[in-house]
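Asker:
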Amino acid sequence: MPNPRDPMSAFRTAFKRSGVERPTYPLSVHVLLMVVLASALLSGLLWLLTSDLTSPLSSDPDDRTTLEVIRLSLYAIAGVGGVIALTVSYRKQRITEATEVREATKLFNERFASAADQLSSDHAANRLAGVYAMAALADDWDAGRQTCINVLCAYVRMPYETPPFRHEREAANDPPRFRAVLEERLIRHTVINVVGGRLRRTPVPGRTWHEHDFDFTGTNLDGGNLNDALFLGRVSFAFGRFTAGTVDFSRVRFEGPVDFTRARFLGARLRFTETRFAGPVLLSEMTIAAGLLDFGSAHFARDVAFDGTAFTGGQVHFTKTVCASPVAGAAPLLDFNRASFTGTSVIFDRPEIDAAVLDFSRVADWSHPPVFNLADDRDALRLPEDGADR
Numbered sequence: 490m491p492n493p494r495d496p497m498s499a500f501r502t503a504f505k506r507s508g509v510e511r512p513t514y515p516l517s518v519h520v521l522l523m524v525v526l527a528s529a530l531l532s533g534l535l536w537l538l539t540s541d542l543t544s545p546l547s548s549d550p551d552d553r554t555t556l557e558v559i560r561l562s563l564y565a566i567a568g569v570g571g572v573i574a575l576t577v578s579y580r581k582q583r584i585t586e587a588t589e590v591r592e593a594t595k596l597f598n599e600r601f602a603s604a605a606d607q608l609s610s611d612h613a614a615n616r617l618a619g620v621y622a623m624a625a626l627a628d629d630w631d632a633g634r635q636t637c638i639n640v641l642c643a644y645v646r647m648p649y650e651t652p653p654f655r656h657e658r659e660a661a662n663d664p665p666r667f668r669a670v671l672e673e674r675l676i677r678h679t680v681i682n683v684v685g686g687r688l689r690r691t692p693v694p695g696r697t698w699h700e701h702d703f704d705f706t707g708t709n710l711d712g713g714n715l716n717d718a719l720f721l722g723r724v725s726f727a728f729g730r731f732t733a734g735t736v737d738f739s740r741v742r743f744e745g746p747v748d749f750t751r752a753r754f755l756g757a758r759l760r761f762t763e764t765r766f767a768g769p770v771l772l773s774e775m776t777i778a779a780g781l782l783d784f785g786s787a788h789f790a791r792d793v794a795f796d797g798t799a800f801t802g803g804q805v806h807f808t809k810t811v812c813a814s815p816v817a818g819a820a821p822l823l824d825f826n827r828a829s830f831t832g833t834s835v836i837f838d839r840p841e842i843d844a845a846v847l848d849f850s851r852v853a854d855w856s857h858p859p860v861f862n863l864a865d866d867r868d869a870l871r872l873p874e875d876g877a878d879r
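In the working numbering, the protein residues as written are 490 to 879.
(1) When we look at the beta-carbon of Glu-874 and count the other beta-carbons within 10 Å, is it buried (16 or more) or exposed?
(2) Could you tell me the alpha carbon to alpha carbon distance between Glu-586 and Arg-580, rounded to whole angstroms?
(3) Answer yes or no: do Asp-737 and Leu-715 have a C-beta to C-beta separation smaller than 8 Å?
(4) Taking C-beta to C-beta, are Arg-706 and Phe-731 nearer than 8 Å?
(5) Rounded to whole angstroms, what is the Cα-Cα separation between Gln-607 and Gly-619?
(6) So, at 7 Å on beta carbons, what are the nonlocal neighbours of Arg-879 in its own chain, with the 5 sequence-adjacent residues on each side left out?
(7) Distance check for Ala-757 and Ser-779, CA to CA, integer angstroms please.
(8) I believe Cys-637 touches Ala-627 by the beta-carbon criterion, under 8 Å. Please report the beta-carbon distance rounded to the nearest angstrom.
(9) Can you list, in chain order, the residues of its chain whose CB lies under 6 Å from that of Ser-829, leaving out five sequence neighbours each side?
(10) Reducing DSSP to helix, strand and coil, say where Leu-870 ends up.
(11) Taking the beta carbon of Glu-774 as the centre, do at least 16 other beta carbons fall within 10 Å, making it buried, or is it exposed?
(12) Checking 8 Å against the spacing of the C-beta atoms, do Leu-782 and Val-811 come in under that value?
(13) Give me the Cα-Cα distance between Thr-938 and Val-816, rounded to the nearest whole angstrom.
(14) Among His-678, Asp-629, Met-647, which one has its Cα closest to the Cα of Leu-617?
(15) Please state if the CB of Gly-713 and the CB of Ile-676 are separated by a distance shorter than 8 Å.
(16) Per DSSP, what kind of secondary structure is Asn-615 in: helix, strand or coil?
(17) Can you give me the C-alpha to C-alpha distance between Ala-869 and Phe-825, rounded to a whole angstrom?
(18) Could you pull the DSSP bridge partners for Glu-650 from this structure?
(19) To test your reading of the DSSP string, which unbroken beta strand (DSSP E) runs of 3 or more residues are found completely within the segment 743–826?
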């Protein structure tokens, strides 16, 4: 039984093997039924053709007539025999197919176990190979693709601390002691890049990763490239930490829900330039303390909730950001209810918000307000009321 305290033990456990539906009745039962049917058919034909009540023949049929009756009966039996042969062939085919499915499932489970074992290795090279092995298995295994994706996402969610910057390593005068964490960062970035690579392909129903869910809840990301990806399922970075490096979401299409609830931005640069958010976007209770969130030319088609978000440092840019719903009369709302603006440089530079509403009327703190460079003064910009904390 896996040790619940060992975070890598999950990768050592393979799938429960899929069962194959077995035939309902044995082949002998089917053959017996065909024989009984043939006997009944023979008896029925003899009775119909020789009975005084039903036969069109003479009451005293000669040998030739009887021979014709028997010949017709044998033809009928031969037809039943053909049905029996077809039944036997069909059952053999089913057994062959079931055997092939079992062998394929066995092979997939063996590949899964091997990839999981590599991901749990103490050697970075083995873990890196495990990432590619698990991704290749997800490409081939339709039924197990979501589980393979879950394993890769779970690896990125494992506890991890960002390695110190280069000048800090040099100041420590002991670079080898950072080898393990630098190798781990390489593997984690590889997972993100592998996911991005699969999601840039043209979607093929049932064959590609686009419609699956990606759960990066609580992850610590310090880099990765997801640009030009297409997400059709759910994506979660809730409770995540973005500590350093650049995470590229440029030109990504989120057609399903995307969740950054309570995420903390502590120094990373997140690029959402030309990113399309077609589904619900949850940005509530985030902490933006350092780094950059660039929503330049991003497109929001649904309401966006920055409810309770703390803007304490860093930069957030909404340059030429588009807020427009494809549904007529459904203007998106960017809601900053209970948000506190105390240090972040938030800039709205010529956003395309003709039909949208920017609601700052109920902020918790307005001591460091955003900078607005709007095309004109409109009623859709709702600033804090007199009672707001300034």
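Cβ coordinates follow ideal geometry from the N, Cα and C atoms, glycine included.
Keep in mind it's a predicted model, so treat the numbers as computed, not measured.
Answerer: The relevant details are as follows:
(1) For the purposes of this step, residue 874 is taken as residue 385 along the sequence shown, with counting starting at 1. Exposed, because fewer than 16 other Cβ atoms sit within 10 Å of the Cβ of Glu-874.
(2) In the sequence shown, residue 586 corresponds to position 97, counting from 1. In the sequence shown, residue 580 corresponds to position 91, counting from 1. For Glu-586 and Arg-580, the distance between alpha carbons rounds to 10 Å.
(3) If you number the sequence shown from 1, residue 737 lands on position 248. If you number the sequence shown from 1, residue 715 lands on position 226. In this structure, Leu-715 lies closer than 8 Å to Asp-737 by Cβ.
(4) Against the sequence shown, residue 706 aligns to sequence position 217. Against the sequence shown, residue 731 aligns to sequence position 242. Checking the displayed sequence, the identity of residue 706 turns out to be Thr instead of Arg. No, these two residues do not count as a Cβ contact at 8 Å.
(5) Taking the first residue of the sequence shown as position 1, residue 607 is located at position 118. Taking the first residue of the sequence shown as position 1, residue 619 is located at position 130. Approximately 5 Å, taken between the alpha carbons.
(6) Translated into the one-based positions of the sequence shown, residue 879 becomes position 390. Confidence is the limiting factor: at Arg-879 the pLDDT is only 47, short of 50, which leaves the residue's position unreliable, though a coordinate-based value still follows. So the qualifying residues of the chain are Trp-855, Ser-856.
(7) The count along the sequence shown starts at 1 and reaches residue 779 at position 290. The count along the sequence shown starts at 1 and reaches residue 757 at position 268. One point to set straight first is that residue 779 is Ala, not Ser, in the sequence displayed. For Ala-779 and Ala-757, the distance between alpha carbons rounds to 7 Å.
(8) Locating residue 637 in the sequence shown gives position 148, where the first residue counts as 1. Locating residue 627 in the sequence shown gives position 138, where the first residue counts as 1. With 8 Å as the limit, Cys-637 and Ala-627 qualify as a contact, their Cβ atoms being about 4 Å apart.
(9) Working through the sequence shown from its first residue, we reach residue 829 at position 340. Only Ala-799, Ala-853, Asp-854 meet the Cβ criterion.
(10) For the purposes of this step, residue 870 is identified with residue 381 of the sequence shown, where counting begins at 1. Strand, per DSSP.
(11) In the sequence shown, counting from the first residue as 1, residue 774 sits at position 285. Buried.
(12) Sequence index remark: in the sequence shown, residue 782 carries index 293 (1-based). Sequence index remark: in the sequence shown, residue 811 carries index 322 (1-based). Cβ distance not < 8 Å, so Leu-782 and Val-811 don't count as in contact.
(13) Here the chain covers residues 490 to 879 and nothing more, so residue 938 does not appear.
(14) Within the sequence shown, the letter at position 128 stands for residue 617. That would be His-678, whose Cα lies nearest to the Cα of Leu-617.
(15) As a first step, residue 676 is located in the sequence shown; it is residue number 187 there, counting from the start. As a first step, residue 713 is located in the sequence shown; it is residue number 224 there, counting from the start. Against a cut-off of 8 Å, the Cβ pair of Gly-713 and Ile-676 comes out as no contact.
(16) Here residue 615 refers to the residue found at position 126 of the sequence shown. The answer is helix: DSSP assigns Asn-615 an H, G or I state.
(17) Along the sequence shown, one-based indexing puts residue 869 at 380. Along the sequence shown, one-based indexing puts residue 825 at 336. Computed Cα separation, rounded: 13 Å.
(18) The residue given as residue 650 occupies position 161 in the sequence shown. Glu-650 pairs with nothing; no bridge assigned.
(19) 753–760, 776–783, 804–808, 822–824
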